[in-house]
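Colleague:
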Amino acid sequence: MLYRWGIRRNYLNIIIDFFYIYLEIKELSKTCVNIKKSSYDLYMTYMYHGYNKYRERVSSIMSSQNVSKEEIIPEILDKVGKSIATAYAYARGALNRHDLEEIQGGTKKVMGAMADVVRLIAPNSDQLNINVNFMLKVPEPPSDVPPEFMIHKKESYSSFLLLIRYDNGNGFRICLPLESSTKTNYSLPNAPACFAEGEPKLLNKNKIKFQNKVPKDVQEQVRKFFSESKYESVLSLPLCLAQGSNESIGVVNIESNRIDIIGNGSKQTLRIANSLAPLCLILATLAEAERKML
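Per my numbering, the very first residue in the sequence shown carries number 3; after that it's consecutive.
(1) Identify, in the order they occur along the chain, each residue of the same chain with its Cβ nearer than 7 Å to the Cβ of N193, setting aside the five sequence neighbours on each side.
(2) Taking 7 Å as the cut-off, is the C-beta of G83 nearer than that to any heavy atom in the ligand NAD?
(3) Return the chain-ordered list of same chain residues with a C-beta closer than 6 Å to the C-beta of V220, the five sequence neighbours on each side being excluded.
(4) So which of K84, S41, V82 has the shortest CA-CA distance to I63?
(5) Under the assumption that T109 contacts A279 (Cβ atoms under 8 Å), give the Cβ distance between them as a whole number of angstroms.
(6) With the cut-off set at 8 Å, would you say I274 and V120 are in Cβ contact?
(7) Would you decide whether S189 is buried or exposed? Buried here means 16 or more other CB atoms lie within 10 Å of its CB.
(8) Applying the 10 Å Cβ sphere with the 16-neighbour rule, what's the burial state of C34?
(9) Rounded to whole angstroms, how far is the Cβ of I86 from the Cβ of I264, which I believe are closer than 8 Å?
(10) Counting along the chain, where does the alpha helix (DSSP H) carrying M64 start and finish?
(11) Do the CB positions of I132 and S258 come within less than 8 Å of each other?
(12) Figure out for me which residue from Y48, C282, I176 has the closest Cα to the Cα of M113.
(13) Which first and last residues belong to the beta strand (DSSP E) in which K203 is found?
(14) First and last residue of the beta strand (DSSP E) that includes F162?
(15) Between S268 and the rest of its own chain, which residues show a CB-CB distance below 8 Å, the 5 nearest in sequence each way excluded?
(16) Tell me the DSSP secondary structure of G83 in three-state form.
(17) Decide if R57 is buried, meaning its Cβ has at least 16 other Cβ atoms within 10 Å, or exposed.
(18) Kindly give me the distance between the Cβ atoms of L102 and M295, rounded to whole angstroms, as I take these residues to be in contact under 8 Å.
(19) Tell me, to the nearest whole angstrom, how far the beta carbon of A291 is from that of I105; I am working on the premise that it is less than 8 Å.
(20) Counting along the chain, where does the alpha helix (DSSP H) carrying P144 start and finish?
(21) Based on Cα-Cα distance, which residue from N276, L272, R260 lies nearest to D128?
(22) Check P280 in the structure and name its three-state DSSP category.
(23) Buried or exposed, going by whether 16 or more other CB atoms sit within 10 Å of the CB of F174?
(24) By alpha-carbon positions, which one of S231, Y45, Y24, Q270 ends up nearest to P202?
(25) Three-state secondary structure (DSSP) at P194?
(26) Measure the alpha-carbon distance for E26 versus E157 and round it to whole angstroms.
(27) If you reduce the DSSP assignment to three classes, tell me which class S231 lands in.
(28) Would you mind working out which of V134, P125, R99, Y92 sits nearest L116, comparing C-alpha positions?
(29) Let's test the definition: count the other Cβ atoms within 10 Å of the Cβ of D146 and tell me whether it reaches 16, buried, or not, exposed.
(30) Relative to the alpha-carbon of Y233, which residue among S31, Y90, I251, N208 has its alpha-carbon at the smallest distance?
(31) Out of curiosity, what's the CA-to-CA distance linking I166 and S61?
(32) So who's on the other strand from I2, going by DSSP bridges?
Below, the structure written as structure tokens:
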């Protein structure tokens, strides 16, 4: 499961991990073409399963001539690395200077890097439109953004998800109610369910699944909302301040004009979610710093 790779670590440790494995794979690729072809898969193995599994995979590849046909071209790892490095450098500078405007700008840059990573993985990305936004948990909705899709009375909710901003500065604001427990079977699909369960959630607007206690009228409201949207699918990822943490502070949403985000099946969608994990940690850190300064 995403964000449960072992011990709790902050985003700086994740970036250090990323560059450690990035440099090692780059060195191994000089002597083994199969390592080069499998570079993206090796990075994912390390991040998702740990160093021992990564070493097993390296040994297996170096002793075999067979490489999975599903591997993503090796150049992607290099470009993903540069996107993460740029976002990390900007975020670290903004945090060190304690500058609110820079931190807010940093959230846009990190979300822009997320969109870049998705485009790198996607086939025929020229026709792919990606928008990214993030939402934070708030105790009360703002007076100018009333909560949508209410199942209970407003007083029954102790927290809400509020859309803070998009990567491009455009878009609308929305506020969604959060259920107090994952066992209620009342959670709305995607962002609220992602927040409640702490795991990635994919929604294709032509096939929306609801928990069994969500009323029919609310289901229709949600379907109408997505039917009027300009995107075909949205991937919601939890924003956590530490790797291995079950406590989310919010959610980041990746919107796409293709089904399954890149139109290539749900398996590739999981690859996208894993690839964005370091950026999710950076974004969560910036968002939390911004909240404390307001």
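Note that beta-carbon positions come from the ideal geometry of N, C-alpha and C, so glycine has one too. Since the model is a prediction, treat every value here as computed from it, not as a measurement.
Modeller: Taking the structure as given:
(1) The sequence position of residue 193 within the sequence shown is 191, counting from 1. Per the sequence shown, residue 193 should be read as Ala rather than Asn. So the qualifying residues of the chain are M137, L163, L178, S238, V253, N255.
(2) Looking for the ligand NAD in the displayed structure turns up nothing, as the structure carries no ligands at all.
(3) Counted from its first residue, the sequence shown places residue 220 at position 218. For V220, where only same-chain residues beyond five positions count, the Cβ hits under 6 Å are F151, I153.
(4) Within the sequence shown, the letter at position 61 stands for residue 63. Cα-wise, what sits closest to I63 is S41.
(5) Locating residue 109 in the sequence shown gives position 107, counting from the first residue. Locating residue 279 in the sequence shown gives position 277, counting from the first residue. Their Cβ separation, rounded to whole angstroms, is 17 Å, which puts T109 and A279 out of contact at 8 Å.
(6) In the sequence shown, residue 274 corresponds to position 272, counting from 1. In the sequence shown, residue 120 corresponds to position 118, counting from 1. Closer than 8 Å, so yes.
(7) Residue mapping note: residue 189 aligns to position 187 of the sequence shown, counting from 1. S189 is buried by the Cβ-count criterion.
(8) In the sequence shown, the residue the question calls residue 34 occupies position 32. So C34 counts as exposed.
(9) The count along the sequence shown starts at 1 and reaches residue 86 at position 84. The count along the sequence shown starts at 1 and reaches residue 264 at position 262. Wrong, their Cβ atoms sit about 19 Å apart, outside the cutoff.
(10) Within the sequence shown, the letter at position 62 stands for residue 64. From DSSP, the alpha helix (DSSP H) with M64 extends over 53 to 64.
(11) On the sequence shown, position 130 is the one that residue 132 refers to. On the sequence shown, position 256 is the one that residue 258 refers to. Yes; because the gap between Cβ atoms is below 8 Å, this pair is in contact.
(12) In the sequence shown, residue 113 corresponds to position 111, counting from 1. Cα-wise, what sits closest to M113 is C282.
(13) For this step, residue 203 is matched to residue 201 along the sequence shown. It spans 203 to 206 - the beta strand (DSSP E) in which K203 sits, taken as one unbroken run.
(14) The residue you call residue 162 lines up with position 160 of the sequence shown. Counting along the chain, the beta strand (DSSP E) containing F162 begins and ends at 162 to 168.
(15) For the purposes of this step, residue 268 is taken as the residue at position 266 of the sequence shown. Around S268: L204, D262.
(16) One-based indexing of the sequence shown puts residue 83 at position 81. The answer is helix: DSSP assigns G83 an H, G or I state.
(17) Looking up residue 57 in the sequence shown gives position 55. Counting Cβ neighbours within 10 Å, R57 comes out exposed, since fewer than 16 surround it.
(18) As a working mapping, residue 102 is identified with position 100 in the sequence shown. As a working mapping, residue 295 is identified with position 293 in the sequence shown. About 5 Å; that satisfies the 8 Å criterion.
(19) Counted from its first residue, the sequence shown places residue 291 at position 289. Counted from its first residue, the sequence shown places residue 105 at position 103. Contact flag correct, Cβ pair sits at about 5 Å.
(20) In the sequence shown, residue 144 corresponds to position 142, counting from 1. From DSSP, P144 is part of no alpha helix (DSSP H); its letter is neither H nor E.
(21) What you label residue 128 is simply residue 126 of the sequence shown in a count that begins at 1. Looking at the Cα atoms, R260 is the closest of the given residues.
(22) In the sequence shown, counting from the first residue as 1, residue 280 sits at position 278. Residue state, collapsed to three classes: helix.
(23) Against the sequence shown, residue 174 aligns to sequence position 172. Looking at its Cβ environment, which holds fewer than 16 other Cβ atoms inside 10 Å, F174 is exposed.
(24) Indexing the sequence shown from 1 puts residue 202 at position 200. With distances taken between Cα atoms, P202 lies closest to Q270.
(25) Looking up residue 194 in the sequence shown gives position 192. DSSP places P194 in helix when its eight states are reduced to three.
(26) Walking along the sequence shown from the start, residue 26 turns up at place 24. Walking along the sequence shown from the start, residue 157 turns up at place 155. Near 54 Å, if we compare the C-alpha coordinates of E157 and E26.
(27) Against the sequence shown, residue 231 aligns to sequence position 229. DSSP places S231 in coil when its eight states are reduced to three.
(28) On the sequence shown, position 114 is the one that residue 116 refers to. According to the sequence displayed, residue 116 carries Met and not Leu. Considering only alpha carbons, the answer is V134.
(29) By one-based count along the sequence shown, residue 146 stands at place 144. D146 is exposed by the Cβ-count criterion.
(30) If you number the sequence shown from 1, residue 233 lands on position 231. Nearest C-alpha to Y233: N208.
(31) Here residue 166 refers to the residue found at position 164 of the sequence shown. Here residue 61 refers to the residue found at position 59 of the sequence shown. If I take the Cα positions, the gap works out to 45 Å.
(32) This structure gives no information on residue 2, because the portion of the chain shown stretches from 3 to 296.
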